[in-house]
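Residues 228 to 498 in this note's numbering are what the sequence shown lists, from first letter to last.
Glycine included, each C-beta is placed from N, C-alpha and C at the ideal position.
Source: prediction; values computed, not measured.
One structure is given here, and the rest of the page talks about it.
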Amino acid sequence: MRDLATGFGYLMKGQRWVARHGRWWGIGMLPALITLVGYAAALVALFFWTDDVIAWATPFADDWSSPWLAVFRGSLAILFAAACLFLAIITFTAVTLLVGQPFYESLSEAVDRSEDGHAPESGLPLWRELWIGLREAIALVVRVTLWSVLFFALGFIPVIGQTAIPALAFCVTGFFLAEELTSIALLRRGVLLKERRRMLRGRRLLTLGFGVPLALFFLLPLVAVVLMPGAVAGATLLVRDLTGEAAASDGGAAGHPADMVAGDPPPPPLG
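Rendered as structure tokens:
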């Protein structure tokens, strides 16, 4: 259980880090804001057509008597909206990281330097990192879509579908968010998707302690924009724990206070 509190602590430390370094926080919100505008438009359109989609998908219920038709399609509409929201929360982070990849990578490097004066580098050209990010984002969307379909189906189970399943969905969402956000710092360390999943599963409570509260915060769109830079910073601190770098830097932390950024690079243009 201690790992749960530690994971949440990294989320809060990340927010404090960007609050102390305001320029990173201010610019870091721009990719999230750009992504939010696109997602908001898509979700409004989708929810506007939800009743039509449900009616199209359930023609066999057209002749049902009232109130069973309304109850059945109303329940499906709620589940459909919840599945779309689940998908949006996960993919929002992936798309935001792609839009702001050069900046968020520099932010992650700055956090590393603030801890021990050193920032690991992948040695890959930018186009290669972008390609890896895009490929992993597509793989994530496929996995999230499958989970969305599963949760949609499980939502029909009486009682459990309205209690345990939403709680499980938030846990899965939190894990995916942590997986996405740690990708920046871990890719710089040469850790790709398969190994990243293994590392996060090995510290599951730590991962959920970081990701689940973030999933709850991300239910509020503007909150997601504000928290995104700090989430990247916190994920970098979490990665340092996963790799053992945090313990090593604690042993030689003198001269490297956490609120100083050695060689802090300027934020690059947004991509």
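Return the CA-CA distance between Thr318 and Leu312, expressed in angstroms with no decimal places.
-> Stepping through the sequence shown from its first residue, residue 318 is reached at position 91. Stepping through the sequence shown from its first residue, residue 312 is reached at position 85. Going by the C-alpha atoms only, they are around 10 Å apart.
Alpha carbon of Trp501 to alpha carbon of Ile365, nearest angstrom | Outside the displayed range of the chain (228 to 498) lies residue 501, so it cannot be described from this structure.
So, helix, strand or coil for Ala346, using DSSP?
-> As a working note, residue 346 is residue 119 in the sequence shown. Of the three classes helix, strand and coil, the one that applies to Ala346 here is coil, per DSSP.
What separation, rounded to the nearest whole angstrom, lies between the Cα atoms of Ala309 and Ala267?
-> Here residue 309 corresponds to residue number 82 of the sequence shown, with the count starting at 1. Here residue 267 corresponds to residue number 40 of the sequence shown, with the count starting at 1. Near 15 Å, if we compare the C-alpha coordinates of Ala267 and Ala309.
State the DSSP-derived secondary structure class of Phe445, mapped to helix, strand or coil.
-> Taking the sequence shown and counting its residues from 1, the one referred to as residue 445 is at position 218. Coil.
Alpha-carbon spacing of Gly436 relative to Leu443, whole angstroms = Sequence index remark: in the sequence shown, residue 436 carries index 209 (1-based). Sequence index remark: in the sequence shown, residue 443 carries index 216 (1-based). About 12 Å.
Alpha helix (DSSP H) runs contained entirely in the segment 368 to 449, provided each spans 4 or more residues | 391 to 415, 420 to 429, 431 to 444
Which runs of the alpha helix (DSSP H), 4 residues or longer, sit entirely within the segment 299 to 369?
-> 328 to 343
Which same chain residues, not among the five before or five after Trp374, have their C-beta less than 7 Å away from its C-beta?
-> Here residue 374 refers to the residue found at position 147 when the sequence shown is read from its first residue. For Trp374, where only same-chain residues beyond five positions count, the Cβ hits under 7 Å are Val399.
Which value, in whole angstroms, describes the spacing of the CA atoms of Met228 and Asp290?
-> The residue given as residue 228 occupies position 1 in the sequence shown. The residue given as residue 290 occupies position 63 in the sequence shown. When rounded, the distance between both Cα atoms is 52 Å.
Determine the closest residue to Leu404 out of Ala391, Thr372, Leu367, Phe379, with distance taken between C-alpha atoms.
-> In the sequence shown, residue 404 corresponds to position 177, counting from 1. The shortest Cα separation from Leu404 among Ala391, Thr372, Leu367, Phe379 belongs to Leu367.
Whole-number beta carbon distance between Gly234 and Leu465, since they are thought to touch under 8 Å | Taking the sequence shown and counting its residues from 1, the one referred to as residue 465 is at position 238. Taking the sequence shown and counting its residues from 1, the one referred to as residue 234 is at position 7. The Cβ separation is near 7 Å, so the contact holds.
Could you spell out where the alpha helix (DSSP H) holding Pro258 opens and where it closes?
-> As a working note, residue 258 is residue 31 in the sequence shown. Counting along the chain, the alpha helix (DSSP H) containing Pro258 begins and ends at 249 to 275.
Minimum C-alpha distance to Leu325 - residue among Ala380, Val459, Arg250, Leu469 | What you label residue 325 is simply residue 98 of the sequence shown in a count that begins at 1. Of the listed residues, the one whose Cα sits closest to Leu325 is Val459.
Give the DSSP-derived three-state secondary structure of Leu294 in the structure shown.
-> The residue you call residue 294 lines up with position 67 of the sequence shown. The sequence as given places Pro at residue 294; Leu does not occur at that position. Three-state DSSP puts Pro294 in coil, outside helix and strand.
Under 8 Å Cβ to Cβ from Phe307, same chain only, skipping five residues before and after it: list those, please.
-> The residue given as residue 307 occupies position 80 in the sequence shown. Result list for Phe307: Thr277, Val280, Ile281, Phe379, in chain order.
Whose CA, out of Ser333, Ser293, Glu472, Arg370, lies closest to the CA of Leu314?
-> Position 87 of the sequence shown, counted from the start, is the residue given in the question as residue 314. The residue with the shortest Cα to Cα distance from Leu314 is Arg370.
From Gln242, Ile305, Ala246, residue whose alpha carbon lies closest to that of Pro393 | Reading the sequence shown from its first residue, position 166 is the one you call residue 393. That would be Ile305, whose Cα lies nearest to the Cα of Pro393.
Proximity below 7 Å, CB of Leu432 to CB of Leu231 = Start at 1 with the first residue of the sequence shown, and residue 432 comes out as number 205. Start at 1 with the first residue of the sequence shown, and residue 231 comes out as number 4. For Leu432 and Leu231, yes; Cβs fall inside 7 Å.
Taking all protein chains shown into account, do 16 or more other C-beta atoms lie within 10 angstroms of the C-beta of Phe330, making it buried, or fewer, making it exposed?
-> Counting from one through the sequence shown, the residue named residue 330 turns up at place 103. With 16 or more other Cβ atoms within 10 Å, it is buried.
Can you say whether Pro385 is buried or exposed, counting buried as having 16 or more other CB atoms within 10 angstroms of its CB?
-> Looking up residue 385 in the sequence shown gives position 158. Pro385 comes out exposed.
Between the CA atoms of Glu336 and Val322 - distance to the nearest angstrom | The count along the sequence shown starts at 1 and reaches residue 322 at position 95. The count along the sequence shown starts at 1 and reaches residue 336 at position 109. Approximately 20 Å between the Cα atoms of the pair.
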